[in-house]
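Trainee:
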Amino acid sequence: MTDLQIDNVRPMGGTVGTLHIKDGYVVDTPVPGAAALDGGGALALPAFIDAHMHLDKTLWGLPWRPHSAGKSLSEKIANERNARVELGADTEVQASRLIAQAIKNGTAAIRSHVDVDPDLGLGNVEHLLNVKAAHNDSIDIQLVAFPQTGLVSRPGTADLMEAAIKMGVELIGGIDPEVIDGDADAHIRTIFDIAERTGAGIDIHHHEEDDAGADTLDLILDAVHAYSMQGRVTLSHAFCIGMVSEQRRSTLLDRIAELDVAVITTAPGYKPFPPLNDMQRRGIRAASGSDGVRDVWTPFGNADMLERAMLLAYRSNFRRDDELAFVMEFCSLGGASVMGLDAHGPLLGQRADIVLVDAENIAEAVINRPTSRTLIKNGRVIS
Ligand SMILES: [Zn+2]
């Protein structure tokens with residue numbers, strides 16, 4: 187952390203002024219000896235947070251590879267393992283290049299899932315822990331042990347996930363307890379048991395659809411209550427919330443709010459998703475992320491959370507300035523609340539994780555997505 191003075195900036199689009207940063211936090215008086223930075227009249231915003239990524243899957247930095255995955259999950263998984271060997275993908279090199287891209291785009295924190303299964307063992311966990319340690323000063327990284335190929339249907343995976351937590355991974359993951367594992371109760375119990383034993387948080391990929399998906403979601407919420415895991419569980423995607431009747435959606439969201447469960451949505455182009463306004467109205471902690479970036483699952487993605495904010499607005503049919511400011515907040519402070527980080531930004535008392543963007547105001551930043559950005563983390567200029 188360092189002391190910094192940023193002249194000629196407009197915090198949150200207000201009037202031009204000077205930002206004073208002491209010990210990594212925004213203060214209201216000049217700090218003697220602080221380093222100086224000319225903000226060039228830029229808009230100062232809370233740095234972006236990418237709350238759902240797969241750093242171990244990306245091919246970032248390798249030559250373009252045409253999308254070749256088959257339709258079924260097993261085809262996609264086999265395709266991934268083959269393609270990574272074929273291309274000579276190095277998990278640490280590719281993940282580090284993607285992190286550099288995220289930092290360039292103004293991202294100060296990432297939550298990444300990392301595959302764990304009996305074939306991979308803890309190899310990817312070791313790689314991402316190394317990558318995390320190497321980037322300690324420039325970006326916060328949280329890891330989730332992710333049973334991509336199944337949990338109870340793949341004996342040995344649960345033990346590996348628990349071992350991953352003991353190695354330093356922060357959260358236990360899950361995936362489609364009924365559809366992938368065929369035994370929602372066992373899947374959910376396994377995850378929550380590990381969380382109870384280790385003190386880890388939980389972040390579950392939930393792609394199950396319609397009322398059947400909502401049934402599984404209710405089982406997860408039952409477990410949050412039974413294990414007293416309020417405030418420590420995240421649902422990633424939760425498409426079913428956008429697919430069920432309005433009445434059932436309302437009941438699910440009320441339960442999610444009451445149990446303080448967080449929700450992450452990428453506003454995907456191919457599925458319904460939980461309505462942002464309905465979550466905001468209930469005070470649900472919610473955030474967004476890139477999900478897979480340029481990997482064998484998808485050719486899309488560029489680790490740009492300002493572009494993600496635009497996509498959230500586009501898919502939500504948001505047009506007003508206050509709605510565009512809301513999606514920007516979703517991609518910054520929303521991520522902090524989901525990841526359990528201090529509130530950050532350019533306002534008094536906030537942790538000085540700030541991005542400078544050349545735009546007139548927040549709405550214009552979301553629509554134009556200027557590429558030239560400056561990231562300040564804990565009061566230090568990172569990029
Ligand atoms: Zn994912």
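Going by my numbering, the first residue of the sequence shown is number 187, and it counts up by one from there. Glycine included, C-beta positions come from ideal geometry on N, C-alpha and C. A quick note: this is a predicted structure, and the numbers were derived from the prediction, not measured.
Give me every residue whose Cβ sits closer than 7 Å to any heavy atom of ligand 1, in chain order.
Mentor: Spelled out in chain order, the answer is His-238, His-240, His-299, His-391, Ser-422, Asp-477, Gly-478.
Trainee: Taking the alpha-carbon positions, what's the Arg-501 to Val-449 distance?
Mentor: Taking the first residue of the sequence shown as position 1, residue 501 is located at position 315. Taking the first residue of the sequence shown as position 1, residue 449 is located at position 263. In a straight line, the C-alpha of Arg-501 is about 17 Å away from that of Val-449.
Trainee: Taking the C-alpha atoms as reference points, what is the distance between Pro-341 and Gln-466?
Mentor: Position 155 of the sequence shown, counted from the first residue, corresponds to residue 341. Position 280 of the sequence shown, counted from the first residue, corresponds to residue 466. Approximately 39 Å between the Cα atoms of the pair.
Trainee: In angstroms, rounded to a whole number, what distance separates the CA positions of Glu-550 and Leu-229?
Mentor: Residue numbering aside, residue 550 sits at position 364 when the sequence shown is read from its first letter. Residue numbering aside, residue 229 sits at position 43 when the sequence shown is read from its first letter. Answer to the nearest angstrom: the Cα atoms are 10 Å apart.
Trainee: In its own chain, which residues sit with a C-beta less than 6 Å from the C-beta of Ser-523, not counting the 5 before and 5 after it?
Mentor: Position 337 of the sequence shown, counting from 1, holds the residue named residue 523. So the qualifying residues of the chain are Arg-471.
Trainee: Could you check if Pro-197 is buried or exposed, using at least 16 other CB atoms within 10 Å of its CB as the buried criterion?
Mentor: Within the sequence shown, residue 197 is the residue found at index 11, counting from 1. Its Cβ being crowded by 16 or more others within 10 Å, Pro-197 is buried.
Trainee: Residues bridged to Val-479 by DSSP?
Mentor: Your numbering for residue 479 matches position 293 in the sequence shown. The partner list for Val-479 (beta bridge, DSSP) is empty, contrary to what the question assumes.
Trainee: Nearest by alpha-carbon distance to Ala-255: which of Arg-270, His-393, Gly-247, Leu-248 is it?
Mentor: The count along the sequence shown starts at 1 and reaches residue 255 at position 69. Closest option to Ala-255, Cα to Cα, is Arg-270.
Trainee: When you compare the CB positions of Ile-410 and Val-365, do they come within less than 7 Å of one another, or not?
Mentor: In the sequence shown, counting from the first residue as 1, residue 410 sits at position 224. In the sequence shown, counting from the first residue as 1, residue 365 sits at position 179. The question names Ile, but residue 410 is Val in the sequence shown. For Val-410 and Val-365, no; Cβs fall outside 7 Å.
Trainee: For Ser-324, which option in Asn-194, Asn-291, Asp-345 has the closest C-alpha, if you only look at C-alpha atoms?
Mentor: Translated into positions along the sequence shown, residue 324 becomes position 138. Considering only alpha carbons, the answer is Asn-291.
Trainee: Taking the C-alpha atoms as reference points, what is the distance between His-577 and Ile-427?
Mentor: The question about residue 577 has no answer here: the residues shown for the chain are numbered 187 through 569.
Trainee: Only counting the same chain, and skipping five residues up and downstream in sequence, which positions put a Cβ closer than 7 Å to that of Asn-194?
Mentor: Position 8 of the sequence shown holds residue 194. Closer than 7 Å at Cβ, skipping near neighbours: Val-202, Asp-224, Gly-225, Gly-226, Gly-227.
Trainee: Here's the rule: buried if 16 or more other CB atoms are within 10 angstroms of the residue's CB, otherwise exposed. What is Gly-526?
Mentor: Numbered from its first residue, the sequence shown carries residue 526 at position 340. Counting Cβ neighbours within 10 Å, Gly-526 comes out exposed, since fewer than 16 surround it.
Trainee: Quick one: what's got a C-beta closer than 8 Å to Met-514's C-beta in the same chain, skipping five residues either side?
Mentor: On the sequence shown, residue 514 is found 328 positions in, with the first residue counted as 1. Cβ within range, chain order: Leu-231, Leu-492, Ala-495, Ile-548, Ala-551, Val-552.
Trainee: Kindly indicate which residue of Pro-556, Thr-376, Asp-539, His-423 has the alpha-carbon position closest to the one of Glu-546.
Mentor: As a working note, residue 546 is residue 360 in the sequence shown. Ranking Pro-556, Thr-376, Asp-539, His-423 by Cα distance to Glu-546 puts Pro-556 first.
Trainee: What is the C-beta distance between Leu-337 and Asp-367, in whole angstroms, given that I count them as a contact (C-beta under 8 Å)?
Mentor: On the sequence shown, position 151 is the one that residue 337 refers to. On the sequence shown, position 181 is the one that residue 367 refers to. Rounded, the Cβ-Cβ distance is 6 Å, consistent with contact.
Trainee: Under 7 Å between the Cβ atoms of Val-541 and Ala-233?
Mentor: Along the sequence shown, read from residue 1 onward, the residue named residue 541 stands at position 355. Along the sequence shown, read from residue 1 onward, the residue named residue 233 stands at position 47. In contact: Val-541 and Ala-233 (Cβ atoms closer than 7 Å).
Trainee: If you follow the alpha helix (DSSP H) that Lys-504 is part of, which residue opens it and which one closes it?
Mentor: If you number the sequence shown from 1, residue 504 lands on position 318. Reading off the sequence, residue 504 comes out as Phe, not Lys. Where Phe-504 is concerned, there is no enclosing alpha helix (DSSP H), given that its DSSP letter is neither H nor E.
Trainee: For Arg-441, which residues of its own chain have a beta-carbon under 7 Å away from its beta-carbon, when the five flanking residues on both sides are left out?
Mentor: Here residue 441 is taken as the residue at index 255 of the sequence shown, counted from 1. Once the five neighbours on either side are set aside, the close Cβ partners of Arg-441 are Leu-407.
Trainee: Going by DSSP in three states, Ala-233 sits in which element: helix, strand or coil?
Mentor: For the purposes of this step, residue 233 is identified with residue 47 of the sequence shown, where counting begins at 1. DSSP places Ala-233 in coil when its eight states are reduced to three.
Trainee: Measuring straight from C-alpha to C-alpha, what distance separates Gly-565 and Pro-218?
Mentor: As a first step, residue 565 must be located in the sequence shown, where it is residue number 379. As a first step, residue 218 must be located in the sequence shown, where it is residue number 32. Each residue's alpha carbon lies about 14 Å from the other.
Trainee: By how many angstroms is the C-alpha of Val-302 removed from the C-alpha of Ala-489?
Mentor: Reading the sequence shown from its first residue, position 303 is the one you call residue 489. Reading the sequence shown from its first residue, position 116 is the one you call residue 302. Cα to Cα, Ala-489 sits roughly 23 Å from Val-302.
Trainee: With a floor of 3 residues, list each beta strand (DSSP E) that falls wholly inside the stretch 221-277, ordered by position along the chain.
Mentor: Qualifying beta strand (DSSP E) stretches, in chain order: 221-232, 234-239.
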